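Peer 1: Below you will find the structure I want to go over with you.
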Amino acid sequence: MAVPTANALADMYPEAALAEQAPRWNTLLESFSSAFGHKPSFVARSPGRVNIIGEHIDYSLYSVLPMAIEADALLAASSSPAQKDGVFQIKIRNVQDAKFPGQTFEVDARGDVPIDSTKFEWTNYFKSGLRGALELLRKKKGADFAPVDMEIVMNGSVPVGGGLSSSAAFVSASALAVMVANGETAVDKTELTEVAIVSERAVGVNSGGMDQAASVLSEQGAALFVEFSPKLKARPIHFPPTHPELCFVIAQSFVTSNKHVTGPIHYNLRVVECSMAAAYLHAVLNPPGTPLPTDAGPLGVSLQGFHETYFYHQGGDASAARSVTKEEELARLLQLVKDTLTQEDGYTREEIASTLGVSVAELEARFTSTFPVRADRFKLRQRALHVFSEALRVLQFLTLLERPVHTGATDTTAFNTQLGDLMNATQDSCRELYECSCDEIDAICRVARAAGAYGSRLTGAGWGGCSVHLVPADKVEAVQAALEREYYGQMDLTEEQKTQAVVVSRPGHGSAIYKAEGVV
């Protein structure tokens with residue numbers, strides 16, 4: 023299915039958002055005309071996302087349930103044939119040019135796009151999308167493909183470091199813009215998602231794929247159930263009618279969580295720990311000499327890969343259908359982890375290498391050379407327990423949505439509470455097992471639950487950023503008031519921050535292309 027072309031803002035935003043979006047889009051188009059002396063040809067749009075449930079398990083290739091939000095990355099663009107032989111030129115500007123200075127750079131038409139991932143530079147996100155799109159275009163168009171010159175103005179409304187995936191929105195919109203500028207009239211959604219997943223790793227993050235999938239593939243009014251194994255696929259999931267009606271409230275902590283900066287001790291370290299846990303469990307529990315399959319995990323192996331291999335060999339007849347459900351398998355894996363990974367204080371490089379039958383140097387080459395991490399001990403037990411238990415919660419949440427037992431009930435409080443309990447359990451696991459929460463997020467969750475939220479948890483990478491809350495519609499104002507009184511009221515916020523602090527979110531549209539024709 024191709025990325026849709028929008029003819030009006032109403033094709034991309036709910037009616038309630040149009041009054042706010044129209045001036046923003048006009049500012050973008052005017053900024054482009056001011057910078058380059060003519061109108062853009064099109065605008066590429068990709069939104070941020072909020073994850074309802076399924077935290078830090080996408081890079082272990084387990085399914086997740088995010089939804090797109092209204093906040094997005096917009097790239098107004100035009101193109102022309104390259105003016106110089108053997109190179110093409112990119113001129114990129116930002117509506118907030120004082121904060122994000124523009125750049126002009128040239129790229130070898132047949133070479134790679136240079137990216138210095140050691141520098142936190144905003145244009146690196148565009149360059150990573152450019153790199154991925156060019157690789158795909160070269161495969162499609164062959165050796166004679168000649169990239170075009172591009173002029174771009176970017177505007178982003180997803181808060182940076184806020185846990186709503188501003189980076190995936192920017193990278194996805196960038197790859198989309200490059201493909202359209204280079205003549206792709208129908209950009210396949212799955213291809214764009216896969217390009218964006220790989221592309222963001224160029225800026226120094228072992229990203230899993232949930233953020234990009236939600237940004238590109240989402241549909242208005244529905245959450246998105248995203249599967250990564252055996253291949254990427256997604257389908258919309260609608261919430262059943264409830265009484266009281268359910269809303270999602272997004273609350274910012276204003277603790278900046280930039281996974282590209284803190285990756286060595288936070289995000290990337292967790293990716294390494296999960297990959298090591300998969301290899302360790304495989305070495306101990308699967309038959310000697312059995313290879314752990316290479317898969318789409320950031321480091322080439324995953325806990326999902328171990329999961330599949332383990333039950334493949336448990337069944338005796340590998341061709342026979344499994345006799346237990348996925349939920350039962352995950353419950354069994356949780357017990358296996360408790361029995362096998364017994365060291366609460368973690369494992370040293372030497373201990374892991376010994377179990378895997380490799381040297382420490384070989385271990386580091388395999389797991390920590392792509393993106394360096396800083397750790398003396400690796401908490402394999404806790405990370406694996408989180409991943410398997412969270413994967414189980416996602417399936418339980420999905421079952422509740424797809425097979426609701428309350429249909430027609432005048433009061434669905436019990437059903438609503440079940441959904442909320444699963445979200446609360448996710449927060450407990452993120453805090454205690456994955457250690458990716460923080461005091462501020464914990465405080466926000468306590469306040470929201472006390473004010474009437476069924477479920478409250480961090481969303482996104484964690485260590486700050488955002489929280490998401492499942493709230494009955496008649497309690498939204500009470501939750502907002504409590505957060506203002508007990509959390510935001512203790513902070514010195516700007517007017518812009520005050521407007522961003524708490525947002526009632528609706529599931530939004532995914533990526534789109536808008537053909538620019540002046541003011542909107």
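Here this note's numbering is used: the first residue of the sequence shown is 23, the next is one more, and so on.
The C-beta atom is built at its ideal place from N, Cα and C for all residues, glycine as well.
Note that this is a predicted model, so its numbers are computed, not measured.
1) Mark residue 395 as exposed unless 16 or more other C-beta atoms lie within 10 angstroms of its C-beta, in which case mark it buried.
2) Between the beta-carbon of residue 259 and the beta-carbon of residue 268, is there less than 8 Å?
3) If contact is defined by three or more beta carbon pairs under 8 Å, each pair taking one atom from either stretch, is the stretch 138-157 in contact with the stretch 26-35?
4) Taking the runs of the beta strand (DSSP E) that are 3 residues or longer, which of them lie wholly in the stretch 203-269?
5) Residue 286 to residue 236, Cα distance in whole Å?
6) Give the straight-line distance between the Cα atoms of residue 249 and residue 38, rounded to the nearest whole angstrom.
7) Give me the Cα-Cα distance between residue 159 and residue 89, rounded to the nearest whole angstrom.
8) Would you list, in sequence order, the uninterrupted alpha helix (DSSP H) runs of no fewer than 4 residues that lie entirely inside the stretch 99-151?
9) With 16 other CB atoms within 10 Å as the buried threshold, where does residue 23 fall?
10) Does DSSP classify residue 88 as helix, strand or coil?
11) Over what stretch of residues does the beta strand (DSSP E) that includes residue 71 continue unbroken?
12) With 16 as the cutoff for other CB atoms within 10 Å, does residue 403 come out buried or exposed?
13) With H, G and I counted as helix, E and B as strand and the rest as coil, what does DSSP make of residue 324?
14) On the three-state DSSP scale, how would you describe residue 400?
15) Give me the Cβ distance between residue 324 and residue 297, rounded to the nearest whole Å; I'm assuming they're in contact under 8 Å.
16) Below 8 Å on the Cβ atoms is my contact criterion, and I expect residue 477 with residue 441 to pass it. Report the Cβ-Cβ distance as a whole number of Å.
17) So what does DSSP say about residue 40, is it helix, strand or coil?
18) Quick check on this structure: which residue in 300, 460, 470 and 177 has the alpha carbon closest to the alpha carbon of residue 121?
19) Let me know the secondary structure DSSP gives residue 527 once reduced to three states.
20) Please state if the CB of residue 273 and the CB of residue 114 are separated by a distance shorter than 8 Å.
21) Taking residue 298 as part of the alpha helix (DSSP H), name the residues at either end of that continuous run.
22) Taking the alpha-carbon positions, what's the residue 252 to residue 512 distance?
23) Give the range of the alpha helix (DSSP H) segment to which residue 442 is assigned.
24) Please state whether the Cβ-Cβ distance between residue 26 and residue 534 is less than 8 Å.
25) Hey, out of 233, 145, 128 and 312, whose CA is closest to residue 80's CA?
26) Using CA coordinates, which residue listed in 520, 348, 385 and 109 is at the minimum distance from residue 371?
27) How about residue 471 and residue 448: are their beta carbons less than 8 Å apart?
28) From the DSSP secondary-structure annotation, give me the bridge partner or partners of residue 492.
29) Check whether the Cβ atoms of residue 216 and residue 156 lie closer than 8 Å to each other.
30) Is residue 108 buried or exposed, if buried means 16 or more other CB atoms sit within 10 Å of its CB?
31) Have a look at residue 453 and residue 460 and give me their C-alpha separation to the nearest angstrom.
32) Secondary structure at residue 161, three-state DSSP: helix, strand or coil?
33) For the beta strand (DSSP E) holding residue 174, just list the boundary residues, first then last.
34) Please list, in chain order, all residues of the same chain as residue 53 whose beta carbon is under 6 Å from its beta carbon, the five residues on each side excluded.
35) First and last residue of the alpha helix (DSSP H) that includes residue 504?
36) Could you check what DSSP says for residue 27 in three-state terms: helix, strand or coil?
Peer 2: On the basis of the supplied data:
1) Here residue 395 is taken as the residue at index 373 of the sequence shown, counted from 1. Flag for residue 395 reads buried.
2) Against the sequence shown, residue 259 aligns to sequence position 237. Against the sequence shown, residue 268 aligns to sequence position 246. Result no, Cβ atoms of residue 259 and residue 268 do not sit closer than 8 Å.
3) no
4) 245-249 and 255-259
5) For the purposes of this step, residue 286 is identified with residue 264 of the sequence shown, where counting begins at 1. For the purposes of this step, residue 236 is identified with residue 214 of the sequence shown, where counting begins at 1. Going from the Cα of residue 286 to the Cα of residue 236 covers about 25 Å.
6) The residue labelled residue 249 in the question sits at position 227 within the sequence shown. The residue labelled residue 38 in the question sits at position 16 within the sequence shown. Roughly 31 Å between the two C-alpha positions.
7) As a first step, residue 159 must be located in the sequence shown, where it is residue number 137. As a first step, residue 89 must be located in the sequence shown, where it is residue number 67. Near 29 Å, if we compare the C-alpha coordinates of residue 89 and residue 159.
8) none
9) Within the sequence shown, residue 23 is the residue found at index 1, counting from 1. Exposed: under 16 other Cβ atoms inside 10 Å.
10) Residue mapping note: residue 88 aligns to position 66 of the sequence shown, counting from 1. It is a strand residue.
11) In the sequence shown, residue 71 corresponds to position 49, counting from 1. Segment 64-75, the beta strand (DSSP E) holding residue 71.
12) Walking along the sequence shown from the start, residue 403 turns up at place 381. Classification of residue 403: buried, given that the 10 Å Cβ count is 16 or more.
13) Start at 1 with the first residue of the sequence shown, and residue 324 comes out as number 302. Coil at residue 324, not helix or strand.
14) Here residue 400 refers to the residue found at position 378 of the sequence shown. Residue 400: strand per DSSP, three-state reduction.
15) In the sequence shown, the residue the question calls residue 324 occupies position 302. In the sequence shown, the residue the question calls residue 297 occupies position 275. Contact flag correct, Cβ pair sits at about 7 Å.
16) For the purposes of this step, residue 477 is identified with residue 455 of the sequence shown, where counting begins at 1. For the purposes of this step, residue 441 is identified with residue 419 of the sequence shown, where counting begins at 1. About 6 Å separates the two Cβ atoms, so the contact holds.
17) If you number the sequence shown from 1, residue 40 lands on position 18. Three-state result, residue 40: helix.
18) In the sequence shown, residue 121 corresponds to position 99, counting from 1. Taking only the C-alpha atoms, the option nearest residue 121 is 177.
19) For the purposes of this step, residue 527 is taken as the residue at position 505 of the sequence shown. Residue 527: strand per DSSP, three-state reduction.
20) Translated into positions along the sequence shown, residue 114 becomes position 92. Translated into positions along the sequence shown, residue 273 becomes position 251. No.
21) Taking the sequence shown and counting its residues from 1, the one referred to as residue 298 is at position 276. 289-307 is the extent of the alpha helix (DSSP H) around residue 298.
22) On the sequence shown, residue 252 is found 230 positions in, with the first residue counted as 1. On the sequence shown, residue 512 is found 490 positions in, with the first residue counted as 1. So the alpha carbons of these two residues sit roughly 48 Å apart.
23) Position 420 of the sequence shown holds residue 442. Run containing residue 442: 435-454, per the alpha helix (DSSP H) assignment.
24) Numbered from its first residue, the sequence shown carries residue 26 at position 4. Numbered from its first residue, the sequence shown carries residue 534 at position 512. Their beta carbons are under 8 Å apart, which means residue 26 touches residue 534 by this criterion.
25) Position 58 of the sequence shown, counted from the start, is the residue given in the question as residue 80. Of the listed residues, the one whose Cα sits closest to residue 80 is 233.
26) Mapped onto the sequence shown, residue 371 falls at position 349. Looking at the Cα atoms, 385 is the closest of the given residues.
27) On the sequence shown, residue 471 is found 449 positions in, with the first residue counted as 1. On the sequence shown, residue 448 is found 426 positions in, with the first residue counted as 1. In this structure, residue 448 does not lie closer than 8 Å to residue 471 by Cβ.
28) For this step, residue 492 is matched to residue 470 along the sequence shown. Partner(s): 270 and 477.
29) Here residue 216 refers to the residue found at position 194 when the sequence shown is read from its first residue. Here residue 156 refers to the residue found at position 134 when the sequence shown is read from its first residue. No, Cβ-Cβ distance for residue 216 and residue 156 is not below 8 Å.
30) Along the sequence shown, read from residue 1 onward, the residue named residue 108 stands at position 86. Under this definition residue 108 is an exposed residue.
31) Numbered from its first residue, the sequence shown carries residue 453 at position 431. Numbered from its first residue, the sequence shown carries residue 460 at position 438. About 7 Å.
32) Mapped onto the sequence shown, residue 161 falls at position 139. Residue state, collapsed to three classes: helix.
33) Residue numbering aside, residue 174 sits at position 152 when the sequence shown is read from its first letter. Looking at the DSSP string, the run of the beta strand (DSSP E) that includes residue 174 is 171-178.
34) Along the sequence shown, one-based indexing puts residue 53 at 31. Once the five neighbours on either side are set aside, the close Cβ partners of residue 53 are 117 and 175.
35) Translated into positions along the sequence shown, residue 504 becomes position 482. First-last of the alpha helix (DSSP H) with residue 504: 498-508.
36) Mapped onto the sequence shown, residue 27 falls at position 5. Residue 27 falls in the strand class under three-state DSSP.
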